[in-house]
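From first to last, the protein sequence lines are chains H and W. Here this note's numbering is used: the first residue of the first sequence is 294, the next is one more, and so on. Here this note's numbering is used: the first residue of the second sequence is 31, the next is one more, and so on. Here a beta-carbon is modelled for each residue, glycine too, at the ideal position from N, C-alpha and C. What follows is a short report on a single structure.
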Amino acid sequence: MSILVGSDTRLLVQGITGREGYFHAQQMQDYGTNIVAGMTPGKGGQTALARPVPVFDTCAEAVAQTGANTSVVYVPATGAPDAVLEAVEAGIKTIFCITEHIPALDMLRVVNVVEQAGVRLVGPNCPGATSVGQAKVGIIPGTIHKRGSVGVVSRSGTLTYEVVEALTEAGIGQSTCVGIGGDPITGSGFIDILALFRDDPETRAVVLIGEIGGDGEERAADWIAHNMPGVPVVSFIAGRTAPPGRRMGHAGAIISGGRGTAQSKVAALEQAGVRVAEAPSQIPQLLIDAGVRPS
Amino acid sequence: MKLQEYHAKRLLLAQGLPVPAYSVAESAAEARQAAQAYLHTDAGRVVIKAQVLVGGRGKAGGVKLAASADEAEQAARQILGMDIKGTTVRRVLVAPAADIAAEFYLACVLDRGARRVLLMGSAEGGVEIEVVATERPTAIKQIHAHPLLGLLDHQARRMAFALGLGGPHLREFVAIARGLYATMTANDADLVEINPLAIVREKVADGTEKQTLQCLDAKITIDDSALDRHPELEAMRDIAEEDPVDVAAREQGLSFIRLDGTIGCMVNGAGLAMTTMDLIKRAGGEPANFLDIGGGAKHDKVAAAMTLILADPHVKAILVNIFGGIARGDEVARGLVDARRVQERHVPMVVRIVGTNAQEAARILAEAGDPDLQTAATLDEAVEKAVAAATAAAVAA
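Below is the structure:
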């Protein structure tokens, strides 16, 4: 078991003939992800990748011909919202949107359609998810993992890799690592992913990586306190020294009107019994203190 | 991107919202002329307001009333050139002073948690809404617009009744609330705020008095991700008011924020860049900047980032922290070596490159034979070395 992606994933890559899409599709295939189709309007009938997969003009054809159940979107920001909606209409149940710089009001409409269709969307502006040893969907480097029982959920990209590598070096393996994205409006929040980890028999502890902006970490803390008794959770929050009113790279990482500070998030998490690290390198030890055994 | 008040008002007018007449002046003479025109009509006084993007201009003396053209000219002279929180005032807005009967607050914002547009209103207008929010949160009424259908009439009416505007101003209010929402969606704003929305008394030609709702001040911020499809809004960007460093960073596609420390940072990824700053501070150092060079950082971006960092005279050491994924370590290393060869100012640098092509990066850095370039294997080690280098440089100076 694992969450979101796994050995039963049949992946459709939207934007597979683009530079980014092709590069990462090949990386995913090399990792062992079961890519069944690609799609780029106007490129139907071609094939792509080292172990060739068919390319379709539409999501509907791709699903009908290959039984794809998951898609990943590498389409540029102007076309990405439409790409997500096309996947929804084709009956895809899990969608990862890697694309960044999608206008927030576009996403606001998309996430509501996605929600009503009962589809799970991760992202946008996210690195995707990897279920270690089974499937990787997105752009997380495949080499940093070790298989195990710690679930990782994060709003960040490279910071997630930093933490995952620290875990791997300390002998602590991961079940699934998920990046939910750094935008103000995202398909899945911390709580959505935490709920999946709680119900996953393979996941025994969770690392939550947050950052300044919004109140996702505070709400996650409250949810953890009420819904995850007995599951060790360790956290790290980036941006303790970030100045207010400035967007720290991610569209969502901004302290505004005194809200969204790292201090507020750390306090809420500690209140919920979460151990909060002051540096990524402290995370493995905090997990060990909480009963996770390295191997 | 924040808009100036006079730009924000233009966007409100475009959606049919009631905004009183205003003029923009760049000199005291222009302000005098504008004031004269308004004083010729029945306005008893005019208001002169500094046009700056920073808040608190009223407290800083950037808003003044004038009863004559002479007074207006003098007020404009005082305000133009004034420094408000580091920004020099280059423009003033001149408008007839409104005779205010009551003030309200009304705004549309992006509610991230609810993933809806939120209409916020308060009968306590004219003051800072953050203060109201912390001291009397119940004084703020919140209604979420429908995610697909937008703000509906009955929602706007509910807000009107909550603010005590259910009487003669109900229709006006509903039109304003819907116009606010329309302004938000038409321009991809993430905030449209009217503060105050005021009931204004006006004399009508027949000598009687009428009262109408008017948008007296406006604040709009545009979603940066949407600027590509709004060239008319991009044109409103006030480059002269921006830090030249910010302008340069944006042109290079770099996410850069200047801070006041001594350790320049170059990192790929926003979360990792913030973390690097936090760890520097924790180790007793002070970061000089936030800098995310982004995914797939190429040679030229690295060079541009180095130039930005070194433009800050306070920088005593540089910390480069790259976790290669899409970004390739060897490309970054090559960019660093080349940038150091041409730069004018030489400061000690600590480089930590891990992930994709890290070994190749290590070889390139070693071959450069730069005595002031140290490498580090872990983030903690890199931070420690950078703080030590900055401290040593400060002592030496």
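Rounded distance between the beta-carbons of residue j and residue i, thought under 8 Å
i: V377 (chain W); j: A347 (chain W); result: 6 Å
i: T305 (chain W); j: L452 (chain H); result: 6 Å
i: L243 (chain W); j: L284 (chain W); result: Actually they are not in contact, since the Cβ atoms of L243 (chain W) and L284 (chain W) sit about 44 Å apart, beyond 8 Å.
i: G532 (chain H); j: A546 (chain H); result: 6 Å
i: I310 (chain W); j: I323 (chain W); result: Actually they are not in contact, since the Cβ atoms of I310 (chain W) and I323 (chain W) sit about 17 Å apart, beyond 8 Å.
i: H174 (chain W); j: D141 (chain W); result: 7 Å
i: D247 (chain W); j: E35 (chain W); result: 6 Å
Classification of residue i by the beta-carbon crowding that lies within 10 angstroms, buried from 16 upward
i: V161 (chain W); result: exposed
i: R201 (chain W); result: exposed
i: T118 (chain W); result: exposed
i: Q307 (chain H); result: buried
i: A341 (chain H); result: buried
i: K89 (chain W); result: exposed
i: A427 (chain W); result: exposed
i: V49 (chain W); result: buried
i: R382 (chain W); result: buried
i: R370 (chain W); result: buried
i: F191 (chain W); result: exposed
i: L178 (chain W); result: exposed
i: N319 (chain W); result: buried
i: K429 (chain H); result: buried
i: S574 (chain H); result: buried
i: A96 (chain W); result: buried
i: Q45 (chain W); result: buried
Pairwise C-alpha distance: residue j and residue i
i: P525 (chain H); j: L580 (chain H); result: 7 Å
i: H260 (chain W); j: A570 (chain H); result: 42 Å
i: A303 (chain W); j: R568 (chain H); result: 22 Å
i: T590 (chain H); j: C390 (chain H); result: Any answer about residue 590 (chain H) is impossible in this case: the structure gives chain H only from 294 up to 588.
i: V413 (chain W); j: P494 (chain H); result: 38 Å
i: R208 (chain W); j: L42 (chain W); result: 11 Å
i: R166 (chain W); j: A137 (chain W); result: 17 Å
i: G311 (chain H); j: S364 (chain H); result: 15 Å
i: G464 (chain H); j: F349 (chain H); result: 42 Å
i: D100 (chain W); j: A58 (chain W); result: 10 Å
i: L409 (chain W); j: V124 (chain W); result: 54 Å
i: V277 (chain W); j: I114 (chain W); result: 20 Å
i: G290 (chain W); j: V332 (chain W); result: Before going on, a small fix: residue 290 (chain W) reads as Asp here, not Gly. Roughly 22 Å between the two C-alpha positions.
i: E374 (chain W); j: M336 (chain W); result: 11 Å
i: M321 (chain H); j: G431 (chain H); result: 8 Å
i: G360 (chain H); j: V329 (chain H); result: 8 Å
i: N418 (chain H); j: E239 (chain W); result: 55 Å
i: A383 (chain H); j: A376 (chain H); result: 11 Å
i: T534 (chain H); j: I505 (chain H); result: 10 Å
i: G111 (chain W); j: R120 (chain W); result: 6 Å
i: V446 (chain H); j: L501 (chain H); result: 5 Å
i: R231 (chain W); j: L401 (chain H); result: 39 Å
i: I352 (chain W); j: S468 (chain H); result: 25 Å
i: M150 (chain W); j: E390 (chain W); result: 55 Å
i: A555 (chain H); j: A407 (chain W); result: 27 Å
i: E462 (chain H); j: E411 (chain W); result: 16 Å
i: E158 (chain W); j: Y135 (chain W); result: 9 Å
i: T371 (chain H); j: S588 (chain H); result: 46 Å
i: A64 (chain W); j: I130 (chain W); result: 21 Å
i: P440 (chain H); j: Q578 (chain H); result: Residue identity check: residue 440 (chain H) is Arg in the sequence provided, not Pro. Between R440 (chain H) and Q578 (chain H), the C-alpha separation is close to 18 Å.
i: A341 (chain W); j: E393 (chain H); result: 29 Å
i: K171 (chain W); j: P396 (chain H); result: 27 Å
i: G335 (chain H); j: A51 (chain W); result: 52 Å
i: A514 (chain H); j: V499 (chain H); result: 12 Å
i: G450 (chain H); j: R280 (chain W); result: 21 Å
Closer than 6 Å: residue i CB and nearest the ligand GDP heavy atom
i: L409 (chain W); result: Ligands are entirely absent from the displayed structure, and the ligand GDP is therefore not among its contents.
>> Quick check on the DSSP output: what are the complete beta strand (DSSP E) runs of length 3 or more inside the region 403-436 of chain H, in order along the chain?
In response: Runs of beta strand (DSSP E) with 3 or more residues, each lying fully within the region 403-436 of chain H, are found at 413-415, 421-424 and 428-431, listed in chain order.
> Curious, which full-length alpha helix (DSSP H) runs of at least 4 residues does the region 145-200 of chain W contain?
Replying inline: Within the region 145-200 of chain W, the complete alpha helix (DSSP H) runs of at least 4 residues are 159-165 and 183-192.
> Along the chain, which unbroken stretches of the beta strand (DSSP E) at least 3 residues long are found entirely within the region 450-475 of chain H?
Replying inline: Residue ranges of uninterrupted beta strand (DSSP E) with 3 or more members, entirely inside the region 450-475 of chain H and ordered along the chain, are 467-472.
>> Counting beta carbon pairs with one atom in the region 74-83 of chain W and one in the region 100-118 of chain W, are three or more of them shorter than 8 Å?
In response: Result yes; three or more Cβ-Cβ pairs closer than 8 Å.
> Can at least three beta-carbon pairs, one atom from the region 178-187 of chain W and one from the region 225-245 of chain W, be found at a separation below 8 Å?
Replying inline: Verdict: no, contact absent.
> Which runs of the beta strand (DSSP E) spanning at least 3 residues fall entirely within the region 535-574 of chain H, listed in chain order?
Replying inline: Here the runs fully enclosed are 568-570.
>> Quick test of the definition: if touching needs 3 or more C-beta pairs under 8 Å, does the region 502-517 of chain H touch the region 476-486 of chain H?
In response: Yes: at least three Cβ pairs fall under 8 Å.
> Between the region 380-400 of chain W and the region 255-271 of chain W, do at least 3 Cβ pairs fall closer than 8 Å?
Replying inline: When C-beta atoms of the region 380-400 of chain W are compared with those of the region 255-271 of chain W, fewer than three pairs fall below 8 Å, so the two segments do not count as touching.
> Hey, which unbroken runs of the beta strand (DSSP E) at 3 residues or more fall wholly within the region 239-311 of chain W?
Replying inline: You should have 239-245, 248-252, 285-288 and 293-297.
> Of all the beta strand (DSSP E) runs that stay within the bounds of the region 372-406 of chain W, which reach a length of 3 or more residues?
Replying inline: DSSP runs (the beta strand (DSSP E)) wholly in the region 372-406 of chain W: 379-385 and 403-405.
> Residue ranges of each beta strand (DSSP E) run of no fewer than 3 residues wholly in the region 347-402 of chain H, ordered along the chain?
Replying inline: With a minimum length of 3 residues, the continuous beta strand (DSSP E) runs that stay inside the region 347-402 of chain H are 363-366 and 387-390.
>> Give the list of continuous beta strand (DSSP E) stretches no shorter than 3 residues that lie fully inside the region 42-121 of chain W.
In response: For the region 42-121 of chain W, whole beta strand (DSSP E) runs of length 3 or above, ordered along the chain, are 53-55, 76-80 and 93-96.
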